[in-house]
Each structure stands twice: as C-alpha cells, then as structure tokens.
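Notes follow the structure.
Residue numbers (the working numbering): 48 to 363.
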C-alpha cells in the first residue's frame, strides 16, 4: 500500500487557527535563522575586507617612506699637495634591504707621491640605519713606514677586533721585505655607550636630519684602530660661498674634528681618524639635508698641508 503524506495538523485535536500559528512560528524561525546566518556571513566579509584595506594602506605607507638620498651616493675627491694632484678618494654607499647600507671607500696616492711618502687605504662597513648601529667594518691603511689592518665584528654590547700591523724600513714605496716588525692581535672590546666604526659615524651624524648650529659641539663614540675614543665635531662657522668645489655657490658649515680619550681625561688631540695627522681636521660641509663634505684639509707628517676636494657627487 502506498502511504500518503499526512499534513502536520491532521489527526490532531488543536484547531486550524492554532495550526496556522504553529506553521507561521516555524516559518519565522527559519527566516530568522537564515537572516542571521546571512548577516553573520556579511559581517565577516566586511571585517575581512576592512583588514585587507588596512594592510594595503599600511604597506603603501611603508613603501612611500623614502630613504635619505645620501644612503645611495657616490663621492669622488682629488687630493692636492703643494698645488699638484697627489691622489684620489672614492666613497660609494648603497642601501641593502630594508635595514642596512654598505659603505666602501678607497684612498689612492699617485706614483708622484710613492717615492716621497706612501699613503694608501681601503675601508668598508655595513651599518644598520634603522637601529643606527654598526654590523661589520674593515680598515686597511698604509702610511709612510706603517701598515695597519683592522677587522670589526659587532655583536650586542661588544665588538671583536682583529689587528695586523707592520713597520717597514722606508717611508716611501715599494717597501723592502721582510718588514722591520709585525704583530697580530685580537680582542673583544666593549661598545657600551653606542660606539661606532669610523665610516658608520659619518652616517650616524648625517642621519639626525638636522644641520648643527654655529658653536655646537657634537660628540660621537668611535673606535679608531679598535681603541675607544670620542670624535668631537665643532661647528665654527656657517656661510654662503661661491668657491665651493663641484657645487660652485653653496651654503656650508665649517666643522673641525678631533679625537679625545675622555675616559682617561685626555682632551682633543690631533685628527688621527683613518690616518695619523699633525693637526685637527677641518671640513666644509653643505648646510642641507645631504650634509656633503666638499673640502677637507689637514697637516700630514713629512708633507705639510693636504687638501681633499670634491670633484663629483651623485645619487642614483
């Protein structure tokens, strides 16, 4: 026998009116469940879209934050001594990823100087421009009868410094072998207090985004040859000149730099930054956001005053 579907209210004692009320209640219940489900789904879609929009806006904002131009720059200088071209200096800096810049510099004396007083050097560093802290650094310098190579590996509150030093018989080049003396050393040096390598210190000062005022004195803890010192920069003047190397007319600040061993109570001495000098180091630096050194002069042993003059400057 084929069974026939019985209506929900058939065979019940309740009235047709009550039956209709129950059916209406069931319909309303189903409607509310469906509506709530749709609203929940819609709400989730709105939340998801809002999150995506926020992420996109944040990403766009981060992308729009441009690095200072001097984190990607090339500088070429000529070294002048007694009116002749005695050598060249090249410095190239490039950004690497989101946090770092790599800096490479080379000092090259021309053959005309080799028979008098030999100067040559290569310097490199990797610097975290977000934390404004050094990562690694390398310094190699010939000066007269001395040779020094330093490797720096920074980690936390200390730096591992490896040194190789030689003393030759001659101030000129080429040097005879074997050297008069040679030594090697390695030590961990505390950098508590924010010590910078020498190349990193240059960008540390520039990264402040402000031009120091006349009379202002800046102090930066540095590690020349792996020794804890303070680089002291004093702003002597600010003026607009029309004899600025490469740029022509430009407003500049005149800065004088020296090193001090403040831990031992010793005040500013000579320059002695990358090379030993017999006077403090004077600089003209552009009084703008790029803070470009355009002229550097100091007194060198056996040679007298040497001028380093900007010839080319570019930001790719």
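C-beta: ideal position from N, C-alpha, C; glycine also. Nothing here was measured: the structure is a model prediction, and the numbers come from that model.
Exercise for the section: Using the Cα positions of residue 119 and residue 113, report the straight-line distance between them to the nearest angstrom. Expected result: In the chain shown, residue 119 corresponds to position 72, counting from 1. In the chain shown, residue 113 corresponds to position 66, counting from 1. Cα to Cα, residue 119 sits roughly 11 Å from residue 113.
Practice task
Identify the continuous beta strand (DSSP E) that holds residue 114 and give its terminal residues.
Solution key: Here residue 114 refers to the residue found at position 67 when the chain shown is read from its first residue. From DSSP, residue 114 is part of no beta strand (DSSP E); its letter is neither H nor E.
Practice task
Quick one: which unbroken alpha helix (DSSP H) runs of 4-plus residues sit fully inside the region 124-180? Chain order, please.
Solution key: Runs of the alpha helix (DSSP H) inside the region 124-180: 158-161.
Practice task
Could you have a look at residue 347 and say whether DSSP puts it in helix, strand or coil?
Solution key: Within the chain shown, the letter at position 300 stands for residue 347. Looking at residue 347 - three-state DSSP - the assignment turns out to be strand.
Problem - Exposure of residue 223, with buried meaning 16 or more beta-carbon neighbours within 10 Å - result: For the purposes of this step, residue 223 is taken as residue 176 along the chain shown, with counting starting at 1. That one is exposed.
Practice task
Give the secondary structure of residue 341 by DSSP, where H, G and I count as helix, E and B as strand, and everything else as coil.
Solution key: As a working note, residue 341 is residue 294 in the chain shown. Correct three-state label for residue 341: strand.
Practice task
Report the three-state DSSP secondary structure of residue 186 (helix, strand or coil).
Solution key: Translated into the one-based positions of the chain shown, residue 186 becomes position 139. Note: residue 186 maps to strand in three-state DSSP.
Exercise for the section: Could you give the DSSP three-state label for residue 305: helix, strand or coil? Expected result: For this step, residue 305 is matched to residue 258 along the chain shown. In this structure, residue 305 counts as strand in the three-state DSSP scheme.
Exercise for the section: Could you please give me the residues that DSSP links to residue 357 through a beta bridge? Expected result: Start at 1 with the first residue of the chain shown, and residue 357 comes out as number 310. For residue 357, the pairing in a beta bridge is given by DSSP as 124.
Handout entry: Extent of the continuous beta strand (DSSP E) to which residue 214 belongs
Key = Numbered from 1 along the chain shown, position 167 holds the residue referred to as residue 214. Looking at the DSSP string, the run of the beta strand (DSSP E) that includes residue 214 is 205-214.
Exercise for the section: Under 6 Å Cβ to Cβ from residue 140, same chain only, skipping five residues before and after it: list those, please. Expected result: Numbered from its first residue, the chain shown carries residue 140 at position 93. Beyond the five residues adjoining it in sequence on each side, residue 140 comes within less than 6 Å, by CB distance, of 120, 148, 150 in the same chain, given in chain order.
Exercise for the section: Figure out for me which residue from 225, 264, 173 has the closest Cα to the Cα of residue 364. Expected result: Nothing about residue 364 can be read from this structure; the chain reaches only from 48 to 363.
Problem - Contacting residues, own chain, Cβ-Cβ under 6 Å from residue 233 (five flanking each side not counted) - result: As a working note, residue 233 is residue 186 in the chain shown. Cβ neighbours of residue 233 beyond the five flanking positions: 209.
Problem - Best match in 207, 185, 304, 154 for proximity to residue 133 [C-alpha to C-alpha] - result: What you label residue 133 is simply residue 86 of the chain shown in a count that begins at 1. Considering only alpha carbons, the answer is 154.
Exercise for the section: Go to residue 269, then tell me how far its beta strand (DSSP E) extends in each direction, as first and last residue. Expected result: On the chain shown, position 222 is the one that residue 269 refers to. Counting along the chain, the beta strand (DSSP E) containing residue 269 begins and ends at 264-269.
Practice task
Figure out for me which residue from 180, 313, 160, 282 has the closest Cα to the Cα of residue 332.
Solution key: For this step, residue 332 is matched to residue 285 along the chain shown. Comparing Cα-Cα distances from residue 332 to each of 180, 313, 160, 282, the minimum goes to 282.
Practice task
Assuming residue 304 and residue 278 form a contact by the criterion Cβ under 8 Å, report the distance between their Cβ atoms to the nearest whole angstrom.
Solution key: Taking the chain shown and counting its residues from 1, one reaches residue 304 at position 257. Taking the chain shown and counting its residues from 1, one reaches residue 278 at position 231. That belief holds up - the Cβ atoms of residue 304 and residue 278 are roughly 6 Å apart, short of 8 Å.
Problem - Option nearest residue 176 by Cα separation, candidates 158, 142, 188 - result: Position 129 of the chain shown holds residue 176. Nearest option by C-alpha distance: 142.
Practice task
From the DSSP output, in three-state form, read off residue 246 for me.
Solution key: Counted from its first residue, the chain shown places residue 246 at position 199. In the structure shown, residue 246 sits in a helix (DSSP, three-state: H, G or I).
Practice task
Look at residue 235 and residue 216 and say whether their C-beta atoms are less than 8 Å apart.
Solution key: Looking up residue 235 in the chain shown gives position 188. Looking up residue 216 in the chain shown gives position 169. Taking 8 Å as the Cβ cut-off, residue 235 and residue 216 do not qualify as a contacting pair.
Practice task
Compute the distance between the beta-carbons of residue 122 and residue 356, then report whether it is under 8 Å.
Solution key: Start at 1 with the first residue of the chain shown, and residue 122 comes out as number 75. Start at 1 with the first residue of the chain shown, and residue 356 comes out as number 309. In this structure, residue 356 does not lie closer than 8 Å to residue 122 by Cβ.
Handout entry: As assigned by DSSP and simplified to three states, the class of residue 295
Key = The residue labelled residue 295 in the question sits at position 248 within the chain shown. Look at residue 295 here: in three-state DSSP terms it is strand.
Practice task
Just grab the DSSP bridge partners of residue 234 for me.
Solution key: Working through the chain shown from its first residue, we reach residue 234 at position 187. In the DSSP output, where bridge partners are listed per residue, residue 234 has 208.
Handout entry: residue 131 classed as buried or exposed, judged by whether at least 16 other C-beta atoms fall within 10 angstroms
Key = One-based indexing of the chain shown puts residue 131 at position 84. Under the 10 Å beta carbon count, residue 131 is surrounded by fewer than 16 other beta carbons and is classified as exposed.
Problem - Three-way DSSP call (helix, strand, coil) for residue 194 in this model - result: By 1-based counting over the chain shown, the position of residue 194 is 147. It is a strand residue.
Practice task
Ignore the nearest five residues each way along the sequence and tell me which others in residue 90's own chain have a CB closer than 7 Å to its CB.
Solution key: Here residue 90 corresponds to residue number 43 of the chain shown, with the count starting at 1. Since pLDDT at residue 90 reaches only 48, below the 50 mark, its modelled position is unreliable, and the value read off the structure follows with that caveat. Contacts found: none.
Handout entry: residue 259 classed as buried or exposed, judged by whether at least 16 other C-beta atoms fall within 10 angstroms
Key = In the chain shown, residue 259 corresponds to position 212, counting from 1. So residue 259 ends up on the buried side.
Handout entry: Given residue 179 as reference, the closest of 166, 251, 263, 291 once Cα atoms are compared
Key = Reading the chain shown from its first residue, position 132 is the one you call residue 179. Per the Cα distances, 251.
Practice task
Look at the alpha carbon of residue 181 and the alpha carbon of residue 267, and state the distance between them as a whole number of angstroms.
Solution key: Locating residue 181 in the chain shown gives position 134, where the first residue counts as 1. Locating residue 267 in the chain shown gives position 220, where the first residue counts as 1. Taking the straight line from one Cα to the other gives about 13 Å.
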